[in-house]
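Visitor:
Numbering (full-length UniProt numbering), first residue to last: 1 to 363.
This is the structure we're talking about:
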């Protein structure tokens, strides 16, 4: 894998691992890990961490979207500085950013229209949400760090205030599923509340994750020492985690409506994960296995859309008869788990093949 000196292998790994886990969901692997037959086992306990919390609290899986939005933010100063080095003006970057945000919004929205076979207005998935957070982060990318942090805090506080003080009857219970501002806005835009109580409005508070990613990216390409970079990432992480967990008795940690405490906790873990990856991979130079995950992160948009629109299901159907013949003797659940692993491997292999052919689909 060729890398120039400016390339952050840690970021390739972090992005790749996050995308690998995202596409693993489409292989149905996590579904089978929590099968009733496995209840009470270690596998079931681990499997639960790969599912969202029903409402209040936090599982590992609740951090995947914050990780992804944060990583996009980290990438922004890196890619923009490269484009500017090639001669792009700020105006050209601005045009690119708006076009990219618009395409992400359209793609994210279009995914919701496939199953019903008609136009529906829903914007809860990661692409649609990212289009907003990306744009908000771009608006402050040239500002001083204090302004960027201030802007992110304002977005979080505005969201907190709206939920707490929203007075429409039936939607004035800030932290009750289906009875809050997020549910009201969902109904206003799409005509119904989301069955999982995911709020479209989440894009506003979680823009903080992308903005904090921008700050982290600017820090990593700055002239500060490696020690200072890691120290600042860890300080930022610990601060966010203390705020998030510390205030969770006032405002519960709820991912489905992205409460302020969830945003701080999600951001804190995102920063800590980056600090750890950076220290292990870029500083300590422990780089075995980085390529395995990095290839998935090189075509994130393509593999996410491919898996989402039925690619994973198609692979499952193709391999099902062979899987039954090979693994049927292990029992139904074991055979399903093994088939899911095969599906995930083939999704990975598509990314690896595209990397080898130098096919990179970007918007």
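Positions of the beta carbon are idealized from the N, C-alpha and C atoms, including for glycine. Quick caveat: nothing in here was measured; it's all calculated off a predicted structure.
(1) May I have the straight-line CA-CA distance separating residue 162 from residue 342, to the nearest angstrom?
(2) Alpha helix (DSSP H) containing residue 209: first to last residue?
(3) Can you check which of these residues, 111, 61, 134, is closest to residue 73 by C-alpha distance?
(4) Would you list the one or two residues that DSSP bridges to residue 204?
(5) Among the residues of its own chain, which have a CB less than 6 Å from the CB of residue 199, if the five just before and after it don't count?
(6) Taking 8 Å as the limit between beta carbons, can you name the residues of its chain near residue 360, skipping five residues before and five after?
(7) Rounded to the nearest angstrom, what separates residue 166 and residue 131 at their Cα positions?
(8) Measuring only the C-alpha atoms, how far is residue 180 from residue 56?
(9) Express the C-alpha separation of residue 92 and residue 85 in angstroms, rounding to a whole number.
(10) Looking at the structure shown, is residue 56 part of a helix, part of a strand, or coil, going by DSSP?
(11) Could you name the residues of the same chain whose beta carbon sits closer than 6 Å to that of residue 60, not counting the 5 residues immediately before and after it, in chain order?
(12) Counting C-beta neighbours from all protein chains within 10 Å, is the total for residue 197 16 or more, i.e. buried, or is it exposed?
(13) DSSP three-state call for residue 141: helix, strand or coil?
(14) What first and last residue would you give for the alpha helix (DSSP H) that runs through residue 77?
(15) Hey, would you say residue 211 sits closer than 9 Å to residue 136, going by beta carbons?
(16) Using the beta-carbon count (16 or more within 10 Å), is residue 350 buried or exposed?
(17) To which residues of the same chain is residue 340 closer than 7 Å at the C-beta, ignoring the five residues directly before and after it?
(18) Could you pull the DSSP bridge partners for residue 254 from this structure?
(19) I'd like to know whether the C-beta atoms of residue 292 and residue 348 end up nearer to each other than 9 Å.
(20) If I measure Cβ to Cβ from residue 20 and keep anything under 6 Å in the same chain, skipping five residues before and after, which residues do I get?
(21) What are the boundary residues of the alpha helix (DSSP H) that includes residue 105?
(22) What did DSSP end up calling residue 286 once you bin it into helix, strand or coil?
(23) Measuring alpha carbon to alpha carbon, tell me which of 124, 160, 237, 146 ends up nearest residue 195.
(24) Please list the terminal residues of the continuous alpha helix (DSSP H) segment that includes residue 176.
(25) Tell whether a beta-carbon distance below 9 Å holds between residue 219 and residue 229.
(26) When the distance is taken between beta carbons, is residue 214 closer than 9 Å to residue 76?
(27) Tell me which same chain residues have a C-beta within less than 6 Å of the C-beta of residue 190, skipping the five on either side of it?
(28) Are residue 252 and residue 175 touching if we call contact CB-CB under 9 Å?
(29) With a threshold of 8 Å on Cβ separation, who are the neighbours of residue 18 within its own chain once the five nearest residues in sequence on each side are excluded?
(30) Helix, strand or coil for residue 148, going by three-state DSSP, please let me know.
Guide: So, from the data block:
(1) Cα-Cα distance, rounded: 46 Å.
(2) DSSP places residue 209 inside the alpha helix (DSSP H), whose first and last residues are 207-220.
(3) The residue among 111, 61, 134 with its C-alpha nearest the C-alpha of residue 73 is 134.
(4) Bridge pairing for residue 204: absent [DSSP].
(5) Hits under 6 Å: 182, 257.
(6) If we look at residue 360 and ignore the five residues flanking it on each side, its Cβ neighbours are 298, 299, 354.
(7) The alpha-carbon atoms of residue 166 and residue 131 are separated by roughly 26 Å.
(8) Rounded to whole angstroms, residue 180 and residue 56 show a C-alpha spacing of 14 Å.
(9) Straight-line Cα distance between these residues: approximately 13 Å.
(10) Residue 56 sits in a strand when the DSSP states are folded into three classes.
(11) Result list for residue 60: 49, in chain order.
(12) Counting the other Cβ atoms within 10 Å of the Cβ of residue 197 gives 16 or more, which makes it buried.
(13) Correct three-state label for residue 141: coil.
(14) Counting along the chain, the alpha helix (DSSP H) containing residue 77 begins and ends at 64-85.
(15) Yes, the Cβ-Cβ distance between residue 211 and residue 136 is below 9 Å.
(16) Result: buried.
(17) Cβ within range, chain order: 27, 28, 29, 32.
(18) Here residue 254 is bridged, per DSSP, to 56.
(19) In this structure, residue 348 lies closer than 9 Å to residue 292 by Cβ.
(20) Same-chain partners within the cutoff: 293, 296.
(21) Looking at the DSSP string, the run of the alpha helix (DSSP H) that includes residue 105 is 90-114.
(22) Reduced to three states, the DSSP call for residue 286 is coil.
(23) Nearest option by C-alpha distance: 124.
(24) The continuous stretches of alpha helix (DSSP H) do not include residue 176, and DSSP gives it neither H nor E.
(25) Residue 219 places its beta carbon less than 9 Å from that of residue 229.
(26) Yes, the pair counts as a contact, with Cβ atoms nearer than the cut-off.
(27) So the list reads 121, 122, once near-sequence residues are dropped.
(28) Yes, these two residues count as a Cβ contact at 9 Å.
(29) Excluding sequence neighbours, residue 18 sits near 64, 67, 68, 71, 297.
(30) Three-state DSSP puts residue 148 in a helix.
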